[in-house]
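Numbering (our numbering), first residue to last: 7 to 73. Ideal Cβ positions, reconstructed from N, Cα and C, are used throughout, including at glycine.
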Ligand SMILES: [Zn+2]
C-alpha cells in the first residue's frame, strides 16, 4: 500500500512539472495566475484549473501576469 502511494506521488510530481493553478476565462480563453488583478476581477466566466488544462482547452497566457 505504501509503495502505491509513493508511486502516485511521483507520477503527480512528474506529470505536473509545469502546471500551476490558474483562473481560466472560458469566454476570452485567457488564463491568469491567481494573484493577477484580472483574475481577481474575473468572477463570472473564470474557472480554477491548472495551466496545462488551460492550454489544452486552447487558452492563452495573460499579457499582464504571463498566465
Ligand atoms: Zn493576468
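Can you check DSSP and say which residues form a bridge with residue 28? To locate residue 28, count along the chain shown from 1; it is residue 22. According to DSSP, which records beta bridges pairwise, residue 28 is partnered with 39 and 55.
Check the DSSP bridge columns for residue 66 and list the partner residues they point to. Mapped onto the chain shown, residue 66 falls at position 60. According to DSSP, residue 66 bridges with 36.
Secondary structure of residue 50, DSSP reduced to three states: In the chain shown, the residue the question calls residue 50 occupies position 44. In this structure, residue 50 counts as coil in the three-state DSSP scheme.
Could you name the residues of the same chain whose beta carbon sits closer than 6 angstroms to that of residue 71, not counting the 5 residues immediately before and after it, in chain order? Indexing the chain shown from 1 puts residue 71 at position 65. So the qualifying residues of the chain are 38, 39 and 42.
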